[in-house]
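Asks: Numbered according to my numbering, the sequence shown spans residues 51 to 295.
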Amino acid sequence: MKHVKITAFDCPDAWFQALSHIWREGDAFQVGYGSEVTETKKLNLTIEITHPENRPLVSDKAPCDIKYVQGYALEYLWCGEKHEDETYTYGSRLNNPVNQIEEAVKRYAQEQRDRQVTMVIRLPEDIQKTLHARRHEPPCLSLIDTEILDGKMHLTCYFRSWDAYAGLPANIAGLQLFNEAFVKDINRLGNLQLETGKLIFHSKNCHIYQRQFKLVEELLKPKTSEKKPRLAETITGVPEETNKR
């Protein structure tokens, strides 16, 4: 199993670097059970984003845009509502049966040097393949850990499995928006002036699906520049072959 650590400046940089490393160094992994049984390339990956607040949050080459990310952050991370056909969302797990976001805000408003504020999404029951007589897919995002250092809120998140091409750009941008809302609520309640800090991610299986191989290959392909004139042409203004006659 190959483990790679990436340090990226912002969210789009993290996406490009993750795809590049997986494409060039990834282990072949044939999925035997899961949401998609197929061939993949994967890495055990750690990503540190030093300036995730930098805009734009999403590359214009990504298969999602900022409007989608804003909806994702609000509906699937911050709020506790879920649709009838959904067994859960990240937000429903964060809000029920305990509103972990609200409790985290209260704790940090009271004490910023608190190391115990971890918000958990994965539950023990997620080890089961079926729940309530239905096939069950456990959440990819398992936990969001938090810490304040030097006046900044840093998040450390773990994904058990992570779609690097389509999921990662929306997830990291969405979690940055989540952190901005989180810090805003803490500042309001505690009369503080915290800022958002780093985003750090770990995933033992950050992958590219076989159906995405051509898309990733095209995305990472070096862009060819315009053909430069040969030296003889720049000196004489006529092709080299003509100059020899």
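Cβ atoms here follow ideal geometry from the backbone N, Cα and C, with glycine treated the same way.
If you check the beta carbons only, do I99 and A64 fall under 7 Å apart?
Replies: Cβ atoms of I99 and A64: closer than 7 Å.
Asks: Among I222, N149 and K132, whose alpha-carbon lies nearest the alpha-carbon of P62?
Replies: When each option's Cα is compared against that of P62, the closest is I222.
Asks: Going straight from the alpha carbon of F209 to that of K254, what length do you get?
Replies: Cα-Cα distance, rounded: 8 Å.
Asks: Check whether the Cβ atoms of M296 and L144 lie closer than 7 Å to each other.
Replies: Coverage of the chain is limited to positions 51 through 295, which leaves residue 296 absent and any answer about it impossible.
Asks: For K92, is the classification buried or exposed, using 16 other Cβ atoms within 10 angstroms of its Cβ as the cut-off for buried?
Replies: Classification of K92: buried, given that the 10 Å Cβ count is 16 or more.
Asks: Using the C-alpha atoms, what's the distance from H186 back to L173?
Replies: Approximately 12 Å, taken between the alpha carbons.
Asks: Just to confirm my understanding: we take L95, look at its own chain, exclude 5 residues before and 5 after, and list those with CB closer than 6 Å. What are they?
Replies: Taken in chain order, the residues that qualify are V54, S253 and C256.
Asks: Taking D235 as part of the alpha helix (DSSP H), name the residues at either end of that continuous run.
Replies: From DSSP, the alpha helix (DSSP H) with D235 extends over L218 to G240.
Asks: Is the CB-CB distance between P219 and C114 below 7 Å?
Replies: For P219 and C114, yes; Cβs fall inside 7 Å.
Asks: Going straight from the alpha carbon of F59 to that of A183, what length do you get?
Replies: So the alpha carbons of these two residues sit roughly 45 Å apart.
Asks: Since I171 and Y140 should fall inside the 8 Å C-beta cutoff, what is the C-beta to C-beta distance between them, to a whole number of angstroms?
Replies: Right, their Cβ atoms sit about 5 Å apart.
Asks: Could you please give the first and the last residue of the uninterrupted alpha helix (DSSP H) stretch that includes V155?
Replies: Counting along the chain, the alpha helix (DSSP H) containing V155 begins and ends at Q150 to Q160.
Asks: Roughly how many angstroms separate the alpha carbons of K52 and R261, rounded to a whole number?
Replies: Taking the straight line from one Cα to the other gives about 22 Å.
Asks: Below 7 Å CB to CB, which residues in the same chain sit around K117 once its five sequence neighbours on both sides are set aside?
Replies: Excluding positions up to five away in sequence, the list is empty.
Asks: Tell me whether the beta-carbon of F228 lies closer than 7 Å to the beta-carbon of L127.
Replies: Contact: yes.
Asks: Give me the Cα-Cα distance between P188 and P147, rounded to the nearest whole angstrom.
Replies: Spanning the two alpha carbons is a distance of roughly 17 Å.
Asks: In the DSSP assignment, find the beta strand (DSSP E) that holds H252 and state where it starts and stops.
Replies: Looking at the DSSP string, the run of the beta strand (DSSP E) that includes H252 is E245 to Y259.
Asks: Provide the residue(s) that pair with E98 in DSSP beta bridges, ordered along the chain.
Replies: According to DSSP, E98 bridges with T57 and I250.
Asks: Roughly how many angstroms separate the alpha carbons of A68 and D77, rounded to a whole number?
Replies: Distance between the alpha carbons of A68 and D77: 14 Å.
Asks: In three-state DSSP terms, what is L181?
Replies: In this structure, L181 counts as strand in the three-state DSSP scheme.
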